[in-house]
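Here the structure is laid out as structure tokens; the discussion comes afterwards.
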Amino acid sequence: MAQIRCSSLAAPFPSETLYSWLSRIGMLSHGGSDSGFLSEFIGYSGEQLTSIFPSYLGTLAQYSGINSRFLLTQHTILPYYRPFIRTKIYSEITNALLNREKSEAYSKFSLLANRIPEQKLLFYCPQCIGNDLECLGVSFWHKEHQLPWVDVCYIHETKLVGSVKPRKVFVLPPQQVNVGKACSSYPSAESILLAQESARLLNLNRTELDPSRHTDTYIKGLAANELATTSGQIKQAAWFDSLDNYWQEALPKEFYSALFSHQAIRSFPVNLIYQPEAQHHPLKHLLVIIHLFGSFEKFMSSYSSLEDQSIDCESPQTLHERVSREQINKLLNKLNEGESLRQAAKAAEVSVGFAKSTALQHGFEIRRREQFLFSFERKQILDWLKEGRKTQDIAKLMQCSVGAVEQILTQFPVVKKLRNKLRFYQKRYKHRQSITVYLTTHTKASRGKIQNDVKASYYWCYKHDKSWLYKTLPEAIPRADRYKGQ
Ligand SMILES: [Zn+2]
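So that you can map any letter, position 461 of the sequence shown is 735 in our numbering, and since no number is skipped, the others follow by simple counting.
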């Protein structure tokens, strides 16, 4: 635990769970048993320490002077549930928690738990652990890795490793790099998507979605996927089969069978539409959203365009009076030519808002600017920049503009330098390799022949890596002997 001693206890690390922080405090502050410390520090009475509702929230807020609402939002997974819980109930839950009435919070929350089995493990990502140890000197439990039935790291796209959930003792993930062996099987694209969209949902901290508009959006998505008629009639069996097929290989077996294999009580997924007022677990919504729309963001675009339409309906004439068909055509042409939303809107003399909604209606993907990226997405971009990935590739992966990635890069001049160095090392490696490989198959080649046969690498090394080149090349033939025997 020597490394843990070096790390700060004053506050949780970004994305650290409260249990993880409490464990670090506990491991450092007491000489006796965990239970002795717990009863003294938080008045512990035997509840599950890793619970979604940590009863010690108030104690930690007092101990650190950090606002308890902030701790709740940033260091628990509660915001993941928020879009799918009535605002009134969500605030009752959070108030109960803040007032240390944990059982009250639990009873309100249990509404959501229907048919979603609870997981018995805590999860960590070996690569995240490596980064944490390198940057902070300690590894800890990340909230994004504890999201329900997510078994892939949303950043590294590798399988998470499970560790038995302790009930009343302190446990942290391994404190050594390469201890947690990465799982050999590669996760499916769907399970990666589920991990990333779950993390996105958590970090959005979005307020409640309107149930009826939510339902309309689902019907729109079903119609687009030919799982509902244009009049909105749902093809129930086809939807179930298609959803089942999509997730079959991607979900952990226990969860998959809890949700899909009880044929007799097959209420999911149609109950999301037929009982919009009932509260359904966010995971059920996410499975449907990813299957129909591809991502939560695309679902929200569709949801918001319904909102725009409903506003438009109140004054159907005004929009058409102000914007002519020619303007719309011009806008679409400019977008087709690859111009930015802003440029296209300017050329067509329409507002950016109008341009955006028209673009979405016509299936254009909106590339987000830097200020529209979430903080965890910015962190991911920065990590990839540090790895030396191309800005164009990152923009594609994050569905944002290249400008947004470059803007982040300009904020970190050190990373810019690092990337230049990386590029240099990559080139150096490539050219050294090609000369080395050549030399293994041409052991008797003279300097002149090498220069001729691997020209590009020879000249690059001559310019940038001369001492290595001369050390590697065979001895030069003395000038006087050069033309002998020719
Ligand atoms: Zn990771």
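The C-beta atom is built at its ideal place from N, Cα and C for all residues, glycine as well.
Whole-angstrom C-beta distance between residue j and residue i, which should lie under 8 Å
{"i": "L605", "j": "A619", "result": "7 Å"}
{"i": "P220", "j": "W295", "result": "No information on residue 220 is available, as it lies outside the stretch 275 to 760 that the chain covers here."}
{"i": "W423", "j": "Q393", "result": "7 Å"}
{"i": "W734", "j": "H705", "result": "5 Å"}
{"i": "I429", "j": "Q617", "result": "About 33 Å; that fails the 8 Å criterion."}
{"i": "Y293", "j": "P556", "result": "Going by Cβ atoms, the distance from Y293 to P556 rounds to 21 Å, so no, they are not a contact pair."}
{"i": "F514", "j": "P485", "result": "With a Cβ gap of about 21 Å, F514 and P485 do not count as contacting."}
Residue i - containing alpha helix (DSSP H), residue span
{"i": "F344", "result": "342-349"}
{"i": "Y703", "result": "687-715"}
{"i": "G234", "result": "With the chain covering 275 to 760 only, the question about residue 234 has no answer from this structure."}
{"i": "F315", "result": "308-316"}
{"i": "A678", "result": "676-684"}
{"i": "I724", "result": "721-727"}
{"i": "Y548", "result": "545-548"}
{"i": "G332", "result": "331-338"}
{"i": "R480", "result": "R480 -> no alpha helix (DSSP H), and no H or E assigned at all."}
{"i": "A669", "result": "665-672"}
Cα-Cα separation, residue i to residue j
{"i": "Q700", "j": "E661", "result": "11 Å"}
{"i": "P526", "j": "S459", "result": "13 Å"}
{"i": "A552", "j": "L546", "result": "8 Å"}
{"i": "N499", "j": "P391", "result": "29 Å"}
{"i": "Q450", "j": "L407", "result": "8 Å"}
{"i": "R441", "j": "L692", "result": "44 Å"}
{"i": "A473", "j": "T504", "result": "33 Å"}
{"i": "S675", "j": "M301", "result": "45 Å"}
{"i": "E595", "j": "A633", "result": "For E595, the predicted structure reports a pLDDT of 35, less than 50, and the residue's modelled location is therefore unreliable. The matter cannot be settled from this model."}
{"i": "A629", "j": "E611", "result": "15 Å"}
{"i": "P328", "j": "G310", "result": "18 Å"}
{"i": "E431", "j": "L468", "result": "11 Å"}
{"i": "I668", "j": "P752", "result": "52 Å"}
{"i": "A370", "j": "S307", "result": "30 Å"}
{"i": "N373", "j": "Y364", "result": "14 Å"}
{"i": "F570", "j": "I564", "result": "7 Å"}
Selection from the options that minimises the alpha carbon distance to residue i
{"i": "K664", "options": "L696, V688, E651", "result": "L696"}
{"i": "S576", "options": "E375, Q617, R487", "result": "R487"}
{"i": "A335", "options": "F327, I709, L346, S325", "result": "L346"}
{"i": "D490", "options": "E611, V688, P448, P550", "result": "P550"}
{"i": "Q348", "options": "L312, R480, N694", "result": "R480"}
{"i": "L476", "options": "H419, V445, Q450", "result": "H419"}
{"i": "L517", "options": "L501, Y364, S309, N373", "result": "L501"}
{"i": "D727", "options": "H738, T715, S614", "result": "T715"}
{"i": "A524", "options": "V679, L615, K690, A463", "result": "A463"}
Beta-bridge pairing of residue i - partner residues as DSSP gives them
{"i": "H416", "result": "E290"}
{"i": "A502", "result": "I508"}
{"i": "V426", "result": "K433"}
Element boundaries [beta strand (DSSP E), containing residue i]
{"i": "L395", "result": "395-398"}
Min CB distance residue i to chain D below 7 Å
{"i": "Y744", "result": "Among the chains in the structure shown there is no chain D, since it carries only a single protein chain."}
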